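For the protein sequence lines, the chains are A and B, in the order given. Okay, so the first sequence: first residue is 1 according to our numbering, each after it adds one. Okay, so the second sequence: first residue is 1 according to our numbering, each after it adds one.
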Amino acid sequence: MNAVKSMSELQEKLSDPVNQWVTFRLGDETYGINVMQVQEVLRIPDIAPVPGSPDYVIGIINLRGNVVTVIDTRYRFGLASTTLDEASRIVIIEAEDQIIGILVDSVAEVVELADSAIEAAPNVGNDESSKYIQGVTSRGSQLLILVDLNKLLSDEELAELDMV
Amino acid sequence: MDQGLALDVYFQTLLVDNITTREIVAESSAKQNSETQAINKKDAFDEQSSVRVGAKNGSDRKDNQHSDFLALFFKVNNLPLATPLQDLSRTIDLPEEIGQLPNQPAMVIGYIQNQGDQVVLLDTPFLFKRDVRKIKQQHDTSSYKKALIIRNSHWGIVCDEVSAVVKLEFNEIQWRRSKVDKPWLLGIATDQLRSLIDLNRLIAHQSFI
């Protein structure tokens, strides 16, 4: 009996996989990114600007001897800029084999979500953001917006970030 | 210590480096007998008297050469930059009077006479060619205090400050692999997080030249 129950639970899990998501805040909204793409989360170090860089690039940081480009996620999401504070963080991610940092207001928690809990994002006529919004889900009274990091930047934009 | 003498001593220390031939012209106003003092490479690069430095074979420098080189650290509108020292003729204080050319492009600040040369001064942020409109809106030229004169040319670029001359090792630079976009950006000095700029390519990249 227990073996049957375990088998059915396993089948249920296989048909509805559960993934972990790192959630972060930008303004009043909470976003999630797949934990498998997150390498680490940093407090804000010195960020040096780079001449001729796109508007969505804040600058570069030195991460254990490697230069990492930092993206202004607020700018990328069409939000007004804000001043950095103690809660601000840089999330180091891997997108299309490239390591970049994304600046966020704060990092919240890691949550588990089953695929079945994720709904398609409503179409608000914004083609730009719909490219990288993977879906949405409700967490209590709050909406969690899931971001596809591989689509946050286009191939051309990723190539532009390649400093080496 | 007399600043001219300090500059002399500094350049004497450069002579013992692995740079082949240097032509040093120091225009100190007075020389005094004083004790020799080693100049820490992190000290501010004081060029109250302008100094002309040239390297014999510098024009043949190849990108990513696997050797140490001297770089000048400078800052433009809070943007920390570096450039190979051998690409420079001299650094000068910006004079109060800068001549204006008729219909000069936005990136041209004006022209000056310096050491018998006519030098056209370029507004450095405009050379990086992003949103020129935004540059014009946010532009503050009041911070410019110095100019870097490019060797064997009549071009100079302006900057806020010149902070140091530093010897960089090849491995200390994260070199750019692709230079299709921004060919003047050689790489990043990793420890100092400074963009390493090829000034000759930066000038050549401008459409009006």
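Ideal Cβ placement from N, Cα and C applies to all residues, glycine included. Just so we're clear, the structure is a prediction, and the values are computed from it rather than from any experiment.
Beta-carbon proximity list for residue i, same chain, < 7 Å, skipping 5 on both sides
| i | result |
| --- | --- |
| glutamate 94 of chain A | Gln37 and Gln39 |
| glutamine 142 of chain A | Thr30 |
| leucine 94 of chain B | Tyr144, Lys145, Lys146, Ala147 and Val158 |
| threonine 124 of chain B | Val76, Ile157, Val158 and Cys159 |
| histidine 205 of chain B | Pro183 and Trp184 |
Alpha-carbon spacing of residue i relative to residue j, whole angstroms
| i | j | result |
| --- | --- | --- |
| aspartate 55 of chain A | isoleucine 100 of chain A | 15 Å |
| leucine 193 of chain B | glutamine 104 of chain B | 34 Å |
| isoleucine 109 of chain B | isoleucine 150 of chain B | 16 Å |
| leucine 161 of chain A | asparagine 19 of chain A | 29 Å |
| aspartate 43 of chain B | serine 89 of chain B | Unreliable positioning characterises aspartate 43 of chain B in this predicted model, as indicated by a pLDDT of 35, which lies under 50. The coordinate reading is nonetheless provided below. Whole-angstrom Cα-Cα distance: 20 Å. |
| leucine 185 of chain B | methionine 107 of chain B | 18 Å |
| serine 59 of chain B | asparagine 77 of chain B | Unreliable positioning characterises serine 59 of chain B in this predicted model, as indicated by a pLDDT of 37, which lies under 50. A coordinate reading is not provided. |
| glutamate 119 of chain A | proline 45 of chain A | 36 Å |
| valine 147 of chain A | arginine 176 of chain B | 29 Å |
| glutamine 86 of chain B | alanine 164 of chain B | 14 Å |
| lysine 131 of chain A | aspartate 155 of chain A | 13 Å |
| lysine 129 of chain B | proline 122 of chain A | 38 Å |
| leucine 79 of chain A | arginine 201 of chain B | 36 Å |
| lysine 41 of chain B | leucine 79 of chain B | The predicted position of lysine 41 of chain B is uncertain, since its pLDDT is 37 and thus under 50; a value taken from the coordinates is nonetheless stated next. Lysine 41 of chain B and leucine 79 of chain B: Cα-Cα distance of roughly 21 Å. |
| leucine 127 of chain B | serine 195 of chain B | 14 Å |
| aspartate 140 of chain B | aspartate 16 of chain A | 57 Å |
| glycine 99 of chain B | glycine 116 of chain B | 15 Å |
| alanine 117 of chain A | isoleucine 133 of chain A | 15 Å |
Own chain partners of residue i with C-beta closer than 8 Å, once the 5 adjacent residues on each side are dropped
| i | result |
| --- | --- |
| histidine 66 of chain B | Phe170 |
| isoleucine 92 of chain A | Val38, Gln39, Glu40, Val41, Leu42, Leu63, Val68, Ile99, Ile100 and Gly101 |
| isoleucine 197 of chain B | Leu81, Ala82, Thr83, Trp184, Leu185 and Leu186 |
| valine 57 of chain A | Val50, Thr69, Val70, Ile71, Asp72 and Leu161 |
CB of residue i within 9 Å of CB of residue j, strictly
| i | j | result |
| --- | --- | --- |
| valine 70 of chain A | isoleucine 47 of chain A | yes |
| aspartate 160 of chain B | serine 143 of chain B | yes |
| isoleucine 188 of chain B | isoleucine 90 of chain A | no |
| isoleucine 203 of chain B | serine 153 of chain B | yes |
| threonine 83 of chain A | leucine 103 of chain A | no |
| glycine 52 of chain A | lysine 75 of chain B | no |
| glutamine 98 of chain A | leucine 42 of chain A | no |
| isoleucine 173 of chain B | leucine 199 of chain B | no |
| alanine 87 of chain A | aspartate 105 of chain A | yes |
| leucine 153 of chain A | glutamate 96 of chain A | yes |
| leucine 72 of chain B | threonine 91 of chain B | yes |
| leucine 144 of chain A | valine 136 of chain A | yes |
| glutamine 190 of chain B | glycine 140 of chain A | A small fix is needed here, since residue 190 of chain B is threonine in this sequence, not glutamine. Not in contact: threonine 190 of chain B and glycine 140 of chain A (Cβ atoms no closer than 9 Å). |
| valine 120 of chain B | leucine 101 of chain B | yes |
Per DSSP, the bridge partner or partners of residue i
| i | result |
| --- | --- |
| glycine 101 of chain A | A/Val70 and A/Ile92 |
| lysine 75 of chain B | B/Pro80 and B/Glu161 |
| lysine 167 of chain B | B/Leu70 |
| leucine 122 of chain B | B/Val108 and B/Ile157 |
| alanine 189 of chain B | B/Ile173 and B/Arg194 |
| lysine 146 of chain B | B/Asp93 and B/Cys159 |
| phenylalanine 24 of chain A | A/Tyr31 and A/Val107 |
| aspartate 117 of chain B | B/Asn114 |
| serine 138 of chain A | A/Leu143 |
| asparagine 38 of chain A | Per the sequence shown, residue 38 of chain A should be read as valine rather than asparagine. Answer is A/Ile93. |
Where the beta strand (DSSP E) containing residue i begins and where it ends
| i | result |
| --- | --- |
| proline 80 of chain B | 79-84 |
| leucine 63 of chain A | 57-63 |
| alanine 48 of chain A | Element bounds for alanine 48 of chain A: n/a, residue is neither H nor E. |
| alanine 114 of chain A | 106-114 |
| leucine 144 of chain A | 142-147 |
| threonine 82 of chain A | No beta strand (DSSP E) contains threonine 82 of chain A, which DSSP labels as neither H nor E. |
Other residues of its chain near residue i: CB distance less than 6 Å, five sequence neighbours each side excluded
| i | result |
| --- | --- |
| proline 49 of chain A | Gly59 |
| lysine 167 of chain B | Asp68 and Leu70 |
| alanine 38 of chain B | Any reading at alanine 38 of chain B must be qualified, since the residue scores a pLDDT of 33, below 50, and its modelled position is unreliable; the value itself is stated next. For alanine 38 of chain B, where only same-chain residues beyond five positions count, there are no Cβ hits under 6 Å. |
| asparagine 33 of chain B | Its pLDDT being 39, under 50, asparagine 33 of chain B is placed unreliably in this model, and the value from its coordinates should be taken loosely. Within the same chain, asparagine 33 of chain B has no close Cβ partners at all. |
| leucine 10 of chain A | none |
| valine 162 of chain B | Phe45, Phe74, Thr91 and Lys146 |
| valine 22 of chain A | Ile33, Val35, Val38 and Val110 |
| lysine 151 of chain A | Lys131 and Tyr132 |
| valine 107 of chain A | Phe24, Val41 and Arg89 |
Where the alpha helix (DSSP H) through residue i begins and ends
| i | result |
| --- | --- |
| leucine 158 of chain A | 155-161 |
| isoleucine 203 of chain B | 199-204 |
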